[in-house]
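Q:
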Amino acid sequence: MMTLSFNLNGKETKVEINPWDTLANVLRRNLMLTGTKKGCEEGECGACTVLLEGKPVNSCIVPAAKVQGKKVVTIEGLSDNGELHPIQEAFIEAGAIQCGFCTPGVVLSAKALLDMDIMPSEEEIKQELSGHLCRCTGYVQFIEAVKLASAKLQKKN
Ligand code: FES
Ligand code: FES
342 MMTLSFNLNG KETKVEINPW DTLANVLRRN LMLTGTKKGC EEGECGACTV LLEGKPVNSC
402 IVPAAKVQGK KVVTIEGLSD NGELHPIQEA FIEAGAIQCG FCTPGVVLSA KALLDMDIMP
462 SEEEIKQELS GHLCRCTGYV QFIEAVKLAS AKLQKKN
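According to this note's numbering, the sequence shown is numbered sequentially starting from 342.
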C-alpha cells in the first residue's frame, strides 16, 4: 500500500492505494467518484477520461501512483455548488446525451479543448473528440454541443 496525495477537483486529497492500481479504479473504488466510467479498460474508448494537469488522459491506463502531487479533475469537479458547467448545459441543450455512458469523458475533453481555445474550429473539435466512442448519439451532436459551449463561455467572459 502507499499513500497517494494529489489535488482532486480542487481539494488536496490523500488516499491509501495499491501502487499498481489504475487511476480509474482509485477514483471509482477508493474515492467513490463513479462519474468516471470504465468501458474497454484498454485505452481505446475514452469513457474513463479525466483531466491530468488540464490534459485529457485515459485513466484506465494511467497508474494511480503517477498522479502523486498532480492535479486531477473528474466530471464531479465541473459543476459549481450543484450548478452545471456551461459545457454540461450545452451538451444537454444540443441533445448530445443519450445513455450518458460516454458523456463525462467527452465533456472533459471538450473542456480541455475550450480551456486552450475558446473558439475552436470544427476540425479541432473533431480531432479532440476522435478518441471517444459513443454507441448512441451521432458525432454531429457532439460538435454542435461544443460550438454551443464555446458561445456560452464567450458570453460569460
Ligand atoms: Fe479507458 Fe476505455 S475504459 S479508454
Ligand atoms: Fe450512450 Fe454515448 S450517449 S455511449
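Every residue gets a Cβ at the ideal spot worked out from N, C-alpha and C, and that includes glycine.
These numbers come from a predicted model, not from an experiment.
Excluding sequence positions up to five away, which residues of its chain have a Cβ less than 8 Å from the Cβ of K411?
A: Closer than 8 Å at the Cβ level, and outside the excluded window around K411, lie F347, N348, L393 and E394.
Q: Would DSSP call M343 helix, strand or coil?
A: strand
Q: In terms of residues, what are the limits of the beta strand (DSSP E) holding E353?
A: Where E353 is concerned, the enclosing beta strand (DSSP E) starts and stops at K352 to I358.
Q: Evaluate the contact criterion for the stretch 353 to 362 versus the stretch 373 to 380: three or more CB pairs, one atom per stretch, below 8 Å.
A: Contact fails: fewer than three Cβ-Cβ distances are below 8 Å.
Q: When you measure from the CB of T375 to every non-hydrogen atom of ligand 2, does any distance come out below 7 Å?
A: no
Q: Would you mind reading off the limits of the alpha helix (DSSP H) that contains K488?
A: Y480 to K497
Q: Look at the Cβ atom of P404, then the Cβ atom of T363, and state whether they are nearer than 8 Å.
A: yes
Q: In terms of residue numbering, what span does the alpha helix (DSSP H) encompassing L368 cover?
A: Careful: L368 lies outside any alpha helix (DSSP H) and carries neither H nor E.
Q: Rounded to the nearest angstrom, how far is the Cβ of A486 from that of F442, given a contact under 8 Å?
A: About 16 Å; that fails the 8 Å criterion.
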